Amino acid sequence: MKNRNAEPLVSIIIPVYNSQQTIQRCLQSIADQTYKKIETIIVDRYSSDKTIQIAKQFNVKILRLNSERSLAKNFGAKKSSGKFLLFMDSDMELHPKTVEECIVLCNEKNFDAVMIPETTIAYGFWARCRKHERDFYNNDSNFFLMPRFFNKKTFLNVQGFDERLVLGEDFDLARRYEKRGYHIGVATLPIKHIEGKLALTKVILKAYYYGKSFVPFFFKNPTLTLRGYSPTRFVRNIKFLLKQPAYLFGILVIKLLEYVSYAIGVFAYVLSHTIFLR
33 MKNRNAEPLV SIIIPVYNSQ QTIQRCLQSI ADQTYKKIET IIVDRYSSDK TIQIAKQFNV
93 KILRLNSERS LAKNFGAKKS SGKFLLFMDS DMELHPKTVE ECIVLCNEKN FDAVMIPETT
153 IAYGFWARCR KHERDFYNND SNFFLMPRFF NKKTFLNVQG FDERLVLGED FDLARRYEKR
213 GYHIGVATLP IKHIEGKLAL TKVILKAYYY GKSFVPFFFK NPTLTLRGYS PTRFVRNIKF
273 LLKQPAYLFG ILVIKLLEYV SYAIGVFAYV LSHTIFLR
């Protein structure tokens, strides 16, 4: 029999805001883990729905902080007790052996962090297009690895997520891991990302919001930004995308709307800062 007292504690940190539609399944997937030495930390941005009432049905620690996700994740990490950290979104579900696999990779293969692939659960045409896009990222060998599971010591050594960033904070963190010479492994068991239905208005508003945060990320990581957001990656993997021509058309529509909305967001950021400087 395994000695659970000797097993390292894993702290799972989930920023939430009005997540009542997905939080129960998210937390249930944590409760169903084969690896049991886990603490779950909810960082709530003062939800006005039933998110916290649902969360209280599970063994979780609830923190409240009115902040963007980078600060919320760092706050949860600082309040955690685990040797390892796993960051999740409230609309994600773990495979029952995800934590166990990540622990094995870190303990037996000496990885400092682990990238966990995602599989998208989508309903409706636009959401299925988004799923095909994410599947393409998983099949792109040149796509930058963005870990979710971390050795807490190394996470704190690189000072966690950059709290000035709203966009690309995970890219930025992975880059700093690489610069420090830390080793990032890749898990095989995917996280489910529950997209549900996707409305184009949601795509536009989200891209506009991120566009207003694009400039700080670009100036901090210009090469990484071009690598992560350049449309050339689609050309490079056109054979994969052509497997589903209808979805390829949908992806092109989504990306066009995103890039235009990003540009408007960048313009709004520049305009607001120009006015402020006057």
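Take the sequence shown: its letter number 165 is residue 197 in my numbering, and every next letter is one higher.
All C-beta atoms in this analysis are idealised placements derived from N, C-alpha and C, irrespective of residue type, glycine included.
Bear in mind that the values here come from a model prediction, so they are computed numbers and not experimental data.
Local conformation of G243 per DSSP, three classes: helix
Integer Cβ distance of F143 from G217, believed to fall under 8 Å: Contact holds; Cβ gap of about 4 Å.
Cβ pair Y294, F250 closer than 8 Å: no
Could you check what DSSP says for V131 in three-state terms: helix, strand or coil? helix
Confirm, please, whether the CB-CB distance from A109 to L117 is below 8 Å. yes
Kindly give me the distance between the Cβ atoms of R162 and E150, rounded to whole angstroms, as I take these residues to be in contact under 8 Å. Wrong, their Cβ atoms sit about 11 Å apart, outside the cutoff.
Following the continuous beta strand (DSSP E) through F116, name the residue where it begins and the one where it ends. F116 to F119
For L230, which residues from the same chain have a beta carbon less than 6 Å from its beta carbon, with the 5 sequence-adjacent residues on both sides left out? W158, A159 and R162
Below 8 Å on the Cβ atoms is my guess for E140 versus T66; work out the distance and round it to an integer in Å. That belief does not hold up - the Cβ atoms of E140 and T66 are roughly 16 Å apart, past 8 Å.
Would a C-beta distance cut-off of 8 Å place V48 and I74 closer than the cut-off? yes
According to DSSP, simplified to helix, strand and coil, what is S43? strand
The beta strand (DSSP E) enclosing R212, as first and last residue numbers: Note, R212: premise wrong, no beta strand (DSSP E); alpha helix (DSSP H) at E201 to R212.
Considering just the uninterrupted stretch of the beta strand (DSSP E) at R196, what are its terminal residues? According to the DSSP assignment, R196 belongs to no beta strand (DSSP E), since it is labelled neither H nor E.
L289 to I44, Cα distance in whole Å? The alpha-carbon atoms of L289 and I44 are separated by roughly 34 Å.
Residues bridged to F181 [DSSP beta-bridge criterion]: L118 and V146
Provide the residue span of the beta strand (DSSP E) that contains R96, from first to last. V92 to R96
Indicate whether L137 and A219 have their beta-carbon atoms separated by less than 8 Å. The answer is yes: Cβ separation under 8 Å.
Three-state secondary structure (DSSP) at E140? helix
As a quick exercise: from F119, K234, F272 and V292, pick the residue whose alpha carbon is nearest that of G192. F119
Cβ neighbours of E209 in the same chain (closer than 8 Å, five flanking residues each side left out): Residue identity differs from the one stated: residue 209 is Tyr in this sequence, not Glu. Correct list, in chain order: D144, A145, P179, T186, V190 and I216.
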